[in-house]
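Numbering (our numbering), first residue to last: 291 to 752.
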Amino acid sequence: MGLRAFIYARISQDRTGAGLGVTRQEEDCRLLAKRLGAEVLQVFTDSDISAYSGKRRPAYEEMLAAMQQGAADVILCWHLDRLTRSTRDLETYIDISEKSGIATHAVQAGELDLATPSGRAVARTLGAWARYESEMKSERQKRQRQQARENGKWTGGVVPFGWHIVDGQPAVHEKQAELLRYAVDQIYRGASVSSLVKHFDASGEKSPRGANWNHVSLLQMMLRPKIAGLREVDGEIVDDPVFPAIIGEERWRGVRALLKAPERRVSFDNNGRWLLSGLAFCECGSTVKIGATRDHRGGRRAVYRCKMTGPGHINRAAENVDRYVNMLMPTLLRRRGAGIGAAAPQPSVANPGDLEAEANALRARLSEAASMAADGVLSMAQLGVMSKKLHSQLAEIEESMDKAKVPHATDFDAAAAWDKLTLDERRAVIRETVKVTIKRVGHAGRHFDYNSIHVELADPVN
C-alpha cells in the first residue's frame with residue numbers, strides 16, 4: 291500500500307459562495323499526491339475562515355485529531371500558510387507531526403521535513419512571513435476603509451437600524467427613523483426602555499440582524515452617536531460623513547444623558563409596569579421606587595419604597611396605591627378642567643410636559659459633565675464652558691415653563707379617556723398635573739388605608 295495522504299484546503303474569503311479557491315487548491319494537491327504515489331484518503335476543507343482570525347477551523351481540528359491517531363502518512367497543502375499563520379498553531383502542528391511521523395508536502399514549497407531542526411526552522415520562517423503579510427494586508431484594508439469613510443463612502447457590513455442602502459450609500463429609512471424619533475421623544479417624557487421594546491416589536495421592524503428587540507439592543511442603539519450623524523473615534527465624538535443624521539446632536543446628547551443617569555439605572559424596568567415609580571413622594575419628600583417583599587402567603591408582591599433607607603419611610607403595596615390613584619385621576623382632572631372653564635382658556639406657550647422633559651435632559655447632561663470632570667475626562671476649563679452653556683439653556687427652558695403654567699384644555703380629554711391612555715401617557719399626565727404623597731401607616735391591617743394616599747393638583751384652581 292502506498293502513502294496515505296490527507297489534503298487540507300482553506301480560503302479566507304469566499305464572497306461568491308462557490309468555493310473556487312478551495313477547488314483549485316484541492317486539484318493541485320491531488321496532482322502532487324499522484325507524483326508522490328500517495329492515495330488521498332480524505333480532504334479537509336475550511337471555507338471563508340482566516341487562519342489568522344482566531345476563529346475555530348472545524349475541519350483543521352478534525353484533521354489534527356486524525357493525525358494523532360496515525361491515520362495518515364503525509365499532509366498535502368497548497369502552501370504552508372493554508373495550514374496556519376499562528377505561531378502557536380504552527381508549534382502544535384509541528385509537535386503532532388513529529389510524534390506521529392507524518393510528513394508535510396506543500397505545492398508551493400516542496401517537502402517540509404518537520405522531523406529535523408532545519409525543516410522546523412524553514413516552517414517557522416515561512417510562518418513568520420505569512421503572519422507579517424497577513425498583518426500588512428489587515429493594515430492596508432483598515433486604512434482603505436478609514437479613507438473611504440472619511441470620503442463619505444459606505445464600506446459594507448451590517449446596515450444599522452434607521453438606514454438602508456440606496457445606490458450603494460446609506461440613506462435614512464423613513465419608517466425606522468420615525469420609530470427612533472418616537473423613542474427619543476418618549477425617553478424625554480420619562481418612558482421606560484421596556485415599553486419602547488414592546489412598541490418596536492409591535493411595529494414589525496426587526497433589529498439589524500433580524501431578531502426581536504430586547505432591552506439591551508434598544509438601549510445600545512439609542513446610546514450610539516450614529517443616530518445624530520456622529521461616530522466615536524478614540525473616545526472622541528466626531529462627524530460621521532457616511533450616515534446622515536436622524537436626530538440633532540443636542541437632542542441625542544440629552545437622551546444619552548437621561549439614559550445614563552444613575553437614578554434611571556435603578557428603576558428603568560420598574561417604570562415599565564408601575565404607575566408612580568419615580569413620581570410619587572414619601573412623606574419625607576423623597577421620591578419612591580419599586581421594590582418587592584413577601585406577602586402573608588409567602589409570595590412576592592411589589593411595594594413602593596422611599597429612596598431613602600432607614601426608619602421613618604414608607605413601604606406600601608404598589609398595586610393598591612396605583613388602583614386608588616387611577617380611580618381618583620379622572621375626577622381631579624375634571625375639577626381642574628372646570629376651573630379652566632370659569633375663564634376664557636389661554637393657549638399655553640408650550641407643553642409643560644415637553645419643557646420639563648427638555649429641562650430634565652439638560653440637568654442630566656450637567657450631572658454627566660460633573661462626573662466626567664471628576665473622572666478626569668474633562669478639564670475644569672472644559673467643564674466651565676460646558677456648564678455655562680447648559681445652564682443658559684436650562685434658564686431659557688425654565689422661563690418658558692413659567693409662561694406655560696396655564697392649565698391645559700387637554701385635561702378634559704385626559705379625564706374622558708383616562709382608561710384608554712397607555713401607562714407612559716398616564717405617567718406623563720400625573721407628572722404634569724398632580725402631586726402624590728404616600729404616608730406611613732401603623733401595623734398593616736386587613737384593609738388598605740387609602741386615607742394615607744394624598745393626591746393634590748399641582749396647580750390648584752381657586
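Built from N, CA and C at the ideal position, the CB exists for glycine as well. These numbers were taken from a predicted model, which means no experiment stands behind them.
Exercise. What's the gap between the Cα of V751 and the Cα of S742?
Worked result: Per-residue confidence for V751 stands at a pLDDT of 44, beneath the threshold of 50, marking its modelled position as unreliable; no derived number is given.
For this session: Let me know the alpha helix (DSSP H) ranges lying completely inside the segment 376-423, each 4 residues or longer, listed in chain order.
Result: Counting only runs that start and end inside the segment 376-423, the alpha helix (DSSP H) elements of at least 4 residues fall at 377-390.
Exercise. With distances taken between CB atoms, is the gap from V745 to V726 smaller than 9 Å?
Worked result: Against a cut-off of 9 Å, the Cβ pair of V726 and V745 comes out as a contact.
Problem set entry | Where K679 falls, given that 16 or more other Cβ within 10 Å makes a residue buried | That one is exposed.
Exercise. Which class does C319 belong to by DSSP, given the choice of helix, strand or coil?
Worked result: C319: helix per DSSP, three-state reduction.
Exercise. What number of angstroms, rounded off, separates the C-alpha of L800 from the C-alpha of K345?
Worked result: For the chain, the structure presents residues 291 to 752; residue 800 sits outside this window and is missing.
Exercise. Once you ignore the five residues that flank L354 on each side, which residues in its own chain have a CB closer than 8 Å to its CB?
Worked result: Scanning its chain for C-beta atoms nearer than 8 Å, with the 5 sequence neighbours on each side dropped, one finds around L354 the residues T382, Y383, I386, in chain order.
Exercise. For R613, which of helix, strand or coil comes out of DSSP?
Worked result: Three-state result, R613: helix.
For this session: Indicate the three-state DSSP secondary structure (helix, strand or coil) for N741 in the structure shown.
Result: Look at N741 here: in three-state DSSP terms it is helix.
Problem set entry | Cβ-based burial, Y298 [other Cβ within 10 Å; buried from 16] | With 16 or more Cβ atoms within 10 Å of its Cβ, Y298 is classed as buried.
For this session: State the Cα-Cα distance for the pair L470 and S497, rounded to the nearest angstrom.
Result: Whole-angstrom Cα-Cα distance: 12 Å.
Exercise. Are the segment 529-548 and the segment 470-488 in contact at 8 Å, needing three or more beta carbon pairs?
Worked result: Contact holds: three or more Cβ-Cβ distances are below 8 Å.
Problem set entry | Secondary structure of H603, DSSP reduced to three states | Residue state, collapsed to three classes: coil.
Exercise. Going by the beta-carbon positions, is the gap between G400 and D371 smaller than 9 Å?
Worked result: No, the pair does not count as a contact, with Cβ atoms beyond the cut-off.
For this session: State the Cα-Cα distance for the pair P534 and D491, rounded to the nearest angstrom.
Result: Their Cα atoms are separated by approximately 25 Å.
For this session: Could you please give the first and the last residue of the uninterrupted alpha helix (DSSP H) stretch that includes R717?
Result: First-last of the alpha helix (DSSP H) with R717: 713-723.
Exercise. Between K389 and W444, what straight-line distance do the alpha-carbon atoms span, to the nearest angstrom?
Worked result: For K389 and W444, the distance between alpha carbons rounds to 50 Å.
Problem set entry | Residue closest to V545, alpha-carbon to alpha-carbon, out of G525, W564, A518, S690 | Closest by alpha carbon: A518.
Exercise. Is it true that the segment 359-379 meets the segment 309-329, where meeting means three or more beta-carbon pairs spaced less than 8 Å apart?
Worked result: Under the Cβ criterion (8 Å, minimum of three pairs), the segment 359-379 counts as touching the segment 309-329.
For this session: Could you have a look at D529 and say whether DSSP puts it in helix, strand or coil?
Result: In this structure, DSSP gives D529 an extended state, which the three-state scheme calls strand.
Problem set entry | Exposure label - K516; buried when at least 16 CB within 10 Å | By the Cβ-count criterion, K516 is buried, with 16 or more other Cβ atoms from all chains shown falling within 10 Å of its own Cβ.
For this session: Please work out which residues of its chain come closer than 8 Å, Cβ to Cβ, to A280, disregarding the five sequence neighbours upstream and downstream, and give them in chain order.
Result: Nothing about residue 280 can be read from this structure; the chain reaches only from 291 to 752.
Exercise. Does DSSP put N561 in a helix, in a strand, or in coil?
Worked result: Confidence at N561 is low in this model, with a pLDDT of 45, below 50, so the placement of that residue should be treated as unreliable; the coordinate-derived value is given next. Coil, per DSSP.
Exercise. With A748 and V724 assumed to form a contact (beta carbons below 8 Å), what rounded beta-carbon distance in angstroms separates them?
Worked result: Confirmed, Cβ separation roughly 6 Å.
Problem set entry | Nearest-angstrom beta carbon gap, R300 and D336 [assumed within contact, 8 Å] | Going by Cβ atoms, the distance from D336 to R300 rounds to 4 Å, so yes, they are a contact pair.
Exercise. In the DSSP assignment, what are the bridge partners of E522?
Worked result: Among the bridge pairs identified by DSSP, E522 is matched with I527.
For this session: Use the C-beta contact count for N650: other C-beta atoms within 10 angstroms, 16 or more gives buried, fewer gives exposed.
Result: Counting Cβ neighbours within 10 Å, N650 comes out buried, since at least 16 surround it.
Exercise. Considering only residues of the same chain and omitting the five flanking positions on each side of W708, which have a CB-CB separation below 6 Å?
Worked result: Contacts found: M619, P620.
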